[in-house]
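Protein sequence lines correspond, in order, to chains A and B. Numbering that gives the first Met the number 0 applies: residue 0 is where the first sequence begins, and numbers increase by one. Numbering that gives the first Met the number 0 applies: residue 0 is where the second sequence begins, and numbers increase by one. Before any comments, here is the structure.
There are 2 protein chains.
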Amino acid sequence: MVDTTKQRLIDAAGAIFAEKGYEAASIREICQLADANIAAVNYHFAGKRALYVAAVRHAQCCRQEDVPFPEFPPDLAPADQLRALIGVMFERMLSPHRPQWHLELMLRELARPTEACVAVVDDYIRPMSDTLRAILNQLLPADLTEEQRWMIGFSTVAQVLFYYTHQPIIRVLMQSRDGEALPLDQLADHVTRFTLAAIGAGPVVVAAGVSPAGSHSVKVASGRDA
Amino acid sequence: MVDTTKQRLIDAAGAIFAEKGYEAASIREICQLADANIAAVNYHFAGKRALYVAAVRHAQCCRQEDVPFPEFPPDLAPADQLRALIGVMFERMLSPHRPQWHLELMLRELARPTEACVAVVDDYIRPMSDTLRAILNQLLPADLTEEQRWMIGFSTVAQVLFYYTHQPIIRVLMQSRDGEALPLDQLADHVTRFTLAAIGAGPVVVAAGVSPAGSHSVKVASGRDA
DNA sequence: AATCCATTCAAACGCTTGTTTCAATCAACT
DNA sequence: AGTTGATTGAAACAAGCGTTTGAATGGATT
């Protein structure tokens, strides 16, 4: 936005905290990247810790603006809503067209919560979780316990998260593939079909790319392609 | 095993590296926990980095011994094999009856690979991956591409991993539940059914606990209960 | 022009880090 | 008993850390 020292510090801090983690990142390195004096951190913020929290808060704000939730046509089939949401999740995570450190920073926070965690959960995770659960509830039978609905939701998110967090290992394991990452759409299709089939709301198609009938080649505009 | 200084250093290092990460862990803290002199690290190893690598290598050795692969009766149904393997995975991760830092250390390495990563993948991940893929191949139709088989495997592992890595968030999100973690068997049942249903190799049961018919109340001895 | 206030800057603070040094120790072998 | 070689010990090392200080800067207000 504006090119103040404070803003440049937040951006630089976010990038370096995300890359190296809190402890390994140094004030001096951050200030060098931000083209600011070392004392600026303790002037504009209350110290390293406060700068970190500010960076996390800023990250989730940006990320929400970047890839907003899709506005579902109210009559869109629940299965297509699911595909759209999963598409957004993948796009928020793997799409390379924006600084990667926003998501990275938040995931660090979620895996090892500090004081900034509750903010991330309330402002970022919870809305997404609510949306997912609402969609799933349209697809699920009525006689399930809340606990079961949670687990189904977790199984869905888990797949998306896995492809982000463990991308390096995936490439090492698959090695036959020439180091190239799997296409984003293919992943979203797979996760959607896998999930739908698991809850009995779709054909037992096992993976993307070979849909036996045209029954489920959903392709929904995911957010802001145009 | 033996109570040498070297071994005590590896144990202490593993625990602290797992808890705090490489950068945040200090030699002095490790040595204090190991009841060793600070110089011992540079005497028995070549420095902090080498101690870290040694700890990672030791961790995977132990973990393999702790919860070995189940010896499947050769005629065990593939679906039950899957349940058994998923049970072992959960047990290796969430079972509290052993020092937790082994797995923790390896996951840190996998999420952010350093020089010790290839060893972890080759010695620990690959065997598990091969076993899983062998079981899945028995359940899957023959006309799938390798890529599709990989994705199905990933979707399976992802669910298990999720419940470990994001346990803190899960508790915050579910909050209705009184902070108590979900029972291990319930998780393993859910993941197994979810996966089987997704690939069309099981009833479209949606979650654990409400199997409509007795058709799939698999319960396999997972490893070394007796 | 003078005052004020926010901001920047270079330097130093005290502290902790990983590593090195070298004397002290101890068991084993001649 | 004496010597050797491996191990431990306390202290010091230079380097980096987060933070603080107090003077310099620059633009707006009086």
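Think of the CB as a built atom: it goes at the ideal place given N, C-alpha and C, for glycine as much as any other residue. From a predicted model like this one, the values you see are computed outputs, not experimental measurements.
### Message
My output table needs one value for residue 122 of chain A: the three-state DSSP class, helix, strand or coil.
### Response
helix
### Query
Can residue 14 of chain A and residue 200 of chain A be called in contact, C-beta distance under 8 Å?
no
### Message
Going by DSSP in three states, residue 113 of chain B sits in which element: helix, strand or coil?
### Response
coil
### Task
Check whether the segment 166–175 of chain A touches the segment 123–143 of chain B, taking contact to mean three or more Cβ pairs, one atom from each stretch, closer than 8 Å.
yes
### Task
Take residue 58 of chain A as the anchor and find which of A/144, A/102, A/151, A/138 has the nearest alpha-carbon.
A/102
### Query
So which of A/144, A/118, A/142, A/148 has the shortest CA-CA distance to residue 130 of chain A?
A/148
### Query
How about residue 7 of chain B: is its C-beta nearer than 8 Å to some C-beta of chain A?
No, because no Cβ of chain A sits closer than 8 Å to the Cβ of residue 7 of chain B.
### Task
Buried or exposed for residue 158 of chain A, please, with buried defined as at least 16 other CB atoms from any protein chain shown within 10 angstroms of its CB.
buried
### Message
Against chain A, which members of the segment 160–187 of chain B pass a CB distance test of less than 9 Å?
### Response
160, 161, 162, 164, 165, 167, 168, 169, 171, 172, 173, 175, 176, 181, 185, 186
### Query
Which of the three DSSP states, helix, strand or coil, is assigned to residue 204 of chain B?
With a pLDDT of 49 at residue 204 of chain B, under the threshold of 50, the predicted position of this residue should be treated as unreliable, and no value is reported.
### Task
Using a Cβ cut-off of 9 Å, pull out every chain A residue sitting near residue 28 of chain B, in sequence order please.
The premise fails here: residue 28 of chain B is roughly 13 Å from chain A at the closest Cβ pair, so nothing lies under 9 Å.
### Task
With distances taken Cα to Cα, identify the nearest neighbour of residue 155 of chain A among B/60, B/35, B/8, B/193.
B/193
#### Entry: Where residue 22 of chain B meets chain A, residues with beta-carbon distance less than 8 Å
19, 20, 22, 23
### Message
I'd like to know whether the C-beta atoms of residue 23 of chain A and residue 22 of chain B end up nearer to each other than 8 Å.
### Response
yes
### Task
Grab the span of the alpha helix (DSSP H) containing residue 83 of chain A for me, first residue to last.
77–93
### Query
Which chain B residues are close to residue 196 of chain A, counting only those with a beta carbon under 7 Å from its beta carbon?
196, 197, 199
### Beta-carbon contacts of residue 281 of chain A that lie in its chain and below 6 Å, excluding the five residues immediately before and after
Residue coverage of chain A in this structure runs from 0 to 225, which leaves residue 281 of chain A outside it and unanswerable.
### Query
Can residue 7 of chain B and residue 35 of chain B be called in contact, C-beta distance under 8 Å?
Yes, these two residues count as a Cβ contact at 8 Å.
#### Entry: Extent of the continuous alpha helix (DSSP H) run through residue 41 of chain B
Taken as a continuous stretch (DSSP letters only), the alpha helix (DSSP H) holding residue 41 of chain B covers 38–43.
### Query
From residue 113 of chain B to residue 166 of chain A, what does the alpha carbon distance come to, in whole angstroms?
14 Å
### Query
Just reading off the alpha helix (DSSP H) that residue 154 of chain B is part of, what are its end residues?
145–164
### chain A contact residues for residue 109 of chain B, given Cβ-Cβ distances below 9 Å
Neighbours of residue 109 of chain B in chain A, taken as residues whose beta carbon is under 9 Å from its own, are 164, 165, 167, 168 in chain order.
### Task
Kindly indicate which residue of A/71, A/40, A/108, A/195 has the alpha-carbon position closest to the one of residue 151 of chain A.
A/195
### Query
On the premise that residue 82 of chain A lies in contact with residue 187 of chain A, defined as a C-beta separation below 8 Å, what is that separation, rounded to the nearest angstrom?
Contact between residue 187 of chain A and residue 82 of chain A holds: CB atoms are separated by about 7 Å, below the 8 Å threshold.
#### Entry: Proximity test, Cβ basis, 8 Å: residue 112 of chain B and chain A
yes
### Query
At a CB-CB cut-off below 8 Å, which residues of chain B make contact with residue 124 of chain A?
168, 172
### Query
According to DSSP, is residue 1 of chain B helix, strand or coil?
coil
### Message
Considering Cα atoms alone, identify which of B/134, B/3, B/110, B/145 is closest to residue 40 of chain B.
### Response
B/3
### Message
Against chain A, does residue 157 of chain B count as a neighbour if the rule is that its beta carbon must be under 8 Å from one of theirs?
### Response
yes
### Task
Evaluate residue 55 of chain B with the Cβ neighbour count: other Cβ atoms within 10 Å of its Cβ, from every protein chain shown; 16 or more gives buried, anything less gives exposed.
buried
### Task
Using a threshold of 8 Å, state whether the C-beta atoms of residue 38 of chain B and residue 164 of chain A are closer than that.
no
### Query
Using CA coordinates, which residue listed in A/44, A/26, A/28, A/52 is at the minimum distance from residue 118 of chain A?
A/52
### Message
Given this structure, state the Cα-to-Cα distance separating residue 120 of chain B from residue 73 of chain B, to the nearest angstrom.
### Response
27 Å
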